[in-house]
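Protein sequences appear in the order of chains Y and S. Position 29, counted from 1, in the first sequence is what the numbering used here calls 39; the numbers after and before it change by one each time, with no gaps. Position 61, counted from 1, in the second sequence is what the numbering used here calls 371; the numbers after and before it change by one each time, with no gaps. Yeah, the Cβ is synthetic: ideal placement off N, Cα and C, and Gly gets one too. Input: a single structure, listed below in structure tokens.
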Amino acid sequence: QQNVQQSPESLIVPEGARTSLNCTFSDSASQYFWWYRQHSGKAPKALMSIFSNGEKEEGRFTIHLNKASLHFSLHIRDSQPSDSALYLCAGSHYGNEKITFGAGTKLTIKP
Amino acid sequence: EAAVTQSPRNKVAVTGGKVTLSCNQTNNHNNMYWYRQDTGHGLRLIHYSYGAGSTEKGDIPDGYKASRPSQENFSLILELATPSQTSVYFCASGDARDSWEQYFGPGTRLTVL
Chain Y
11 QQNVQQSPES LIVPEGARTS LNCTFSDSAS QYFWWYRQHS GKAPKALMSI FSNGEKEEGR
71 FTIHLNKASL HFSLHIRDSQ PSDSALYLCA GSHYGNEKIT FGAGTKLTIK P
Chain S
311 EAAVTQSPRN KVAVTGGKVT LSCNQTNNHN NMYWYRQDTG HGLRLIHYSY GAGSTEKGDI
371 PDGYKASRPS QENFSLILEL ATPSQTSVYF CASGDARDSW EQYFGPGTRL TVL
């Protein structure tokens, strides 16, 4: 069974700073990776996905995947108070089976 | 936009009672999922389905049953509810056409007294 570890558990950063969230997978056969964002009291919503080694940038958000080290990260530049949320990383083997989520990182951006 | 709805949104049940949580999706996705979310555990998969008539066990299926009578509907059934099943339950749908992105419903907060 896939094991997904996220770090840190919680993080407080000032507005405008760069934020880095980390995720480690136990299964090298994982092929599909996502970051989900969940605002308080709301449903999780996919933020970004990546299916091969490398980097992907969308606006202020960059994700980086290194399958050899089983490491997946999310970087946010110019953090905004609206970025405050629970961030969940997730992965699966083939995309059509069960997806495993990490426990999440609670991010708070202080104005 | 993809839409997943859940009912009820809040439910208070008694220990030993039967609880049914319902989920409906209008995305025409083949796969549907039930998760529970507890502080410190993230989202844990209870049951999932590949299509109408199919149900598969997830990582924590004990104490839960699932039913997928149609492409659109997926139910989670607690035959004998226990206080340990107090949680927030999320339904989701996904499909290869959307690169397996999971679309979540708004959640059901279940309290078992």
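Query                                                                                                                   : Result
Secondary structure, alpha helix (DSSP H): runs of 4+ residues fully inside the segment 19 to 55 of chain Y             : none
S/Asp348 in three-state terms, based on DSSP                                                                            : strand
S/Gln335 - DSSP class collapsed to helix/strand/coil                                                                    : strand
S/Arg419, enclosing beta strand (DSSP E) - first and last residue                                                       : 418 to 422
Cutoff 8 Å: Y/Phe111 Cβ touching any chain C Cβ                                                                         : This model lacks chain C altogether; the protein chains it does include are Y and S.
Classification of Y/Ile119 by the beta-carbon crowding that lies within 10 angstroms, buried from 16 upward             : buried
Contact check, Y/Pro18 vs Y/Thr115, beta carbons under 8 Å                                                              : yes
Distance between beta carbons of S/Thr418 and S/Lys321, contact taken as under 8 Å                                      : 6 Å
Classification of Y/Ala78 by the beta-carbon crowding that lies within 10 angstroms, buried from 16 upward              : exposed
Where S/Arg354 falls: helix, strand or coil (DSSP)                                                                      : strand
Neighbour-count burial assignment, S/Arg319, 16 or more Cβ in a 10 Å radius                                             : exposed
contact_flag[the segment 403 to 419 of chain S, the segment 332 to 345 of chain S] where n(CB pairs < 8 Å) is 3 or more : yes
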